[in-house]
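Below is one structure; the comments refer to it alone.
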Amino acid sequence: MRTFLIWVSFCLAVVAQVTGASRTDEPSGIKFFTGTWKALLAEAKRQNKPVFIDVYTSWCGPCKLMAKEAFPDKKVGEKFNASFISYQIDAEKGEGVAIARRYTVRAYPTSLYVSTNGTLLHRSEGYDGIESLLTEADRALTGKKETYTLAMMDKDYAAGKRDVPFLVTYLTKRAMVNMPDSTALNIYLDKIPQADWSSDKNLFIIAGNVEKYSKSLMATLYPKMIQLKNATDGASVSLHSTIGRGVRAMNEDYFKQAISRKDETILNEVIKVNEAYLEAMRGQPTPPEQAEQIASGYRARYYKQTTSSNK
Numbered sequence: 065m066r067t068f069l070i071w072v073s074f075c076l077a078v079v080a081q082v083t084g085a086s087r088t089d090e091p092s093g094i095k096f097f098t099g100t101w102k103a104l105l106a107e108a109k110r111q112n113k114p115v116f117i118d119v120y121t122s123w124c125g126p127c128k129l130m131a132k133e134a135f136p137d138k139k140v141g142e143k144f145n146a147s148f149i150s151y152q153i154d155a156e157k158g159e160g161v162a163i164a165r166r167y168t169v170r171a172y173p174t175s176l177y178v179s180t181n182g183t184l185l186h187r188s189e190g191y192d193g194i195e196s197l198l199t200e201a202d203r204a205l206t207g208k209k210e211t212y213t214l215a216m217m218d219k220d221y222a223a224g225k226r227d228v229p230f231l232v233t234y235l236t237k238r239a240m241v242n243m244p245d246s247t248a249l250n251i252y253l254d255k256i257p258q259a260d261w262s263s264d265k266n267l268f269i270i271a272g273n274v275e276k277y278s279k280s281l282m283a284t285l286y287p288k289m290i291q292l293k294n295a296t297d298g299a300s301v302s303l304h305s306t307i308g309r310g311v312r313a314m315n316e317d318y319f320k321q322a323i324s325r326k327d328e329t330i331l332n333e334v335i336k337v338n339e340a341y342l343e344a345m346r347g348q349p350t351p352p353e354q355a356e357q358i359a360s361g362y363r364a365r366y367y368k369q370t371t372s373s374n375k
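For the sequence shown, this note's numbering gives the first residue as 65, with consecutive numbering after it.
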């Protein structure tokens, strides 16, 4: 009996050591909630925390990089586990399809930050590294504390509020959360002199809300994107990034026009602008073989869609 008790005590001691070691060795990154969308919001309300949603697809390279590099990171885990209920959805499967549609997800990865009742607080597209992810999280938390929220602004806009100071606030907020409103932007631009479009304030508003190609807006944003490509101070770097996003959005819409018009002249201009965009955003020339690969991708998409439309 005594031998048996000693053996049991030894086994319990080993289990305790193993258990203690497993707790110490638990992953230090983001701990994601698993369950339905309804259960997620219920848990967010229970803990009184906003929700972080990683929207990805199975084929998205940057999504995989973010999952591999950022989500297991200790700093990221500490920030997100303390401040958010974190969740992941595949935009092409299950509930993810409806959620991605609800929040107008257009690129991957998209990071959504929503309140406990599902109201969007902030969003960002793409993955630019760990520090950028932490910065976007801070912006979301700041937005949570605002007294005049985007939801309130939406109600005022729907009620007919159109004065210039309001539109500046409204469009700036939409640019910050990456929820463009091109209709409101056009109303605003009609109210101010075109000579004022090139101020930093208006460049940010335009770039953050433009969705359709405009020759005049491209002529306003494109030179500034090139000018700021070597910027180093925080404000200029942020403006450069937003302007680049606006140029990219217009260029993609212009590409759709090339297809609908079956116009290869527009196609070549789209490729040229895309090359300049990549060089400006990376701060260095795109290797010729990579530039040709991207150009070939545009041409393949163009010919595939214009050929199929002839059938």
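C-beta: ideal position from N, C-alpha, C; glycine also.
Within the same chain, Cβ atoms closer than 6 Å to the Cβ of serine 150 are found at Ile94, Phe96, Phe116, Phe144, the five residues on either side in sequence being excluded.
Within its own chain, the residues whose Cβ lies closer than 8 Å to the Cβ of leucine 198, once the five positions on either side in sequence are excluded, are Lys139, Val140, Lys143, listed in chain order.
Counting along the chain, the unbroken alpha helix (DSSP H) around glutamate 133 starts and ends at 125-133. In this structure proline 244 is not in contact with asparagine 266, their Cβ atoms being roughly 15 Å apart against a cut-off of 8 Å.
In this model, arginine 346 and lysine 320 are separated by some 25 Å (Cα to Cα).
Nearest to proline 287 by alpha-carbon distance, out of Gly99, Gly308, Ala322, Lys255, is Gly308. Separation of proline 114 and alanine 201 (C-alpha to C-alpha, rounded to the nearest whole angstrom) is 11 Å.
Under a 10 Å Cβ-count criterion, methionine 314 is classified as buried, with 16 or more other Cβ atoms of the shown protein chains found around its own Cβ. Distances from the CA of tyrosine 120 to each of Lys157, Phe148, Ala108 were compared; the closest alpha carbon is that of Lys157.
DSSP places glutamine 348 outside both helix and strand once states are collapsed to three, so it counts as coil. Per the DSSP secondary-structure output, threonine 180 pairs with nothing in a beta bridge. Its chain contains Val232, Leu235, Thr236, Ala239, Leu249, Tyr252 as the residues whose beta carbon lies nearer than 8 Å to that of isoleucine 269, once the 5 sequence neighbours on both sides are disregarded; these appear in chain order. Of the candidates Arg170, Gly207, Gln291, Gln291 places its Cα closest to the Cα of serine 305.
Tyrosine 172: not part of any alpha helix (DSSP H); DSSP gives it neither H nor E. By the neighbour-count definition (other C-beta atoms within 10 Å, threshold 16), alanine 344 is a buried residue.
By the criterion of at least three beta-carbon pairs nearer than 8 Å, the segment 219-233 is not in contact with the segment 291-303.
If the five residues before and after leucine 105 are omitted, its C-beta is found closer than 8 Å to the C-beta atoms of Val115, Thr180, Asn181, Gly182, all from its own chain and listed in chain order. The residue from Asp137, Tyr177, Arg170 with its alpha-carbon nearest to that of aspartate 118 is Tyr177. The C-alpha of proline 351 lies about 26 Å from the C-alpha of alanine 322.
Tyrosine 277: not part of any alpha helix (DSSP H); DSSP gives it neither H nor E.
Between glutamate 195 and tryptophan 101, the C-beta spacing is not below 7 Å.
Judged by DSSP secondary structure, valine 115 falls within the beta strand (DSSP E) whose first and last residues are 115-120. Sequence-distant Cβ neighbours of valine 334 in its own chain, meaning closer than 7 Å and more than five residues away, are Asn315, Tyr318, Phe319, Ala322, Tyr362. DSSP lists Val115 as the beta-bridge partner residues of isoleucine 149.
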